[in-house]
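Novice: Residue numbers (the numbering used here): 222 to 348.
Every residue, glycine too, gets a C-beta built ideally from N, C-alpha and C.
Model, not experiment: these values are computed from the prediction.
Mind looking over this structure? Questions follow.
Below, the structure is given as structure tokens:
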């Protein structure tokens, strides 16, 4: 669990800072937090027709995202090894992109899966 002070500080950071934070925390705790509805992952979209899979470093951040059209979503965690072995290959096949720590305000960066995997791999190599 993280403090309210840390939550507020991070929500006010730009997408790049949140991206770096998310990668570090996912590597630290080996968990990925997602949101689901009716046992299916929630996907976001962009103006270019891309499907974007959002992830968060902690439950609390995913819960904050669940307002408005996502208010009836459920937050769940995926062990990192399962995420990398099961989910990422499916996302690659589908051509999905990713967003790390998006906000309900719509602020959040979008990255290719390969970029995410490269940065995460570098972080995991430090352990």
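1) Taking its Cβ as the centre, do 16 or more other Cβ atoms sit within 10 Å of residue 329, making it buried, or is it exposed?
2) Does the stretch 267 to 279 come into contact with the stretch 320 to 327, if we say contact requires no fewer than three beta-carbon pairs (one atom in each stretch) closer than 8 Å?
3) Where DSSP assigns a beta bridge to residue 256, which residues make up the other side?
4) Measure the alpha-carbon distance for residue 235 versus residue 341 and round it to whole angstroms.
5) Compute the distance between the beta-carbons of residue 299 and residue 255, then report whether it is under 9 Å.
6) Nearest-angstrom Cα distance between residue 249 and residue 238?
7) Do you know offhand how far residue 283's Cα is from residue 309's?
8) Leaving out the 5 sequence neighbours to the left and right, which residues in its chain are closer than 6 Å to residue 337 when beta-carbon positions are compared?
9) Taking DSSP as the reference, what is the three-state secondary structure of residue 231?
10) Excluding the 5 residues preceding and the 5 following residue 286 in the sequence, name in chain order all residues of the same chain whose CB lies nearer than 6 Å to its CB.
Specialist: Taking the structure as given:
1) Result: buried.
2) Verdict: yes, contact present.
3) Per DSSP, 296.
4) Distance between the alpha carbons of residue 235 and residue 341: 19 Å.
5) The answer is yes: Cβ separation under 9 Å.
6) Whole-angstrom Cα-Cα distance: 16 Å.
7) The straight-line gap from Cα to Cα measures roughly 19 Å.
8) These residues qualify, in order along the chain: 319.
9) In this structure, residue 231 counts as helix in the three-state DSSP scheme.
10) The beta carbon of residue 286 sits closer than 6 Å to the beta carbons of 325 from its chain, once the five residues preceding and following it are set aside; these are given in chain order.
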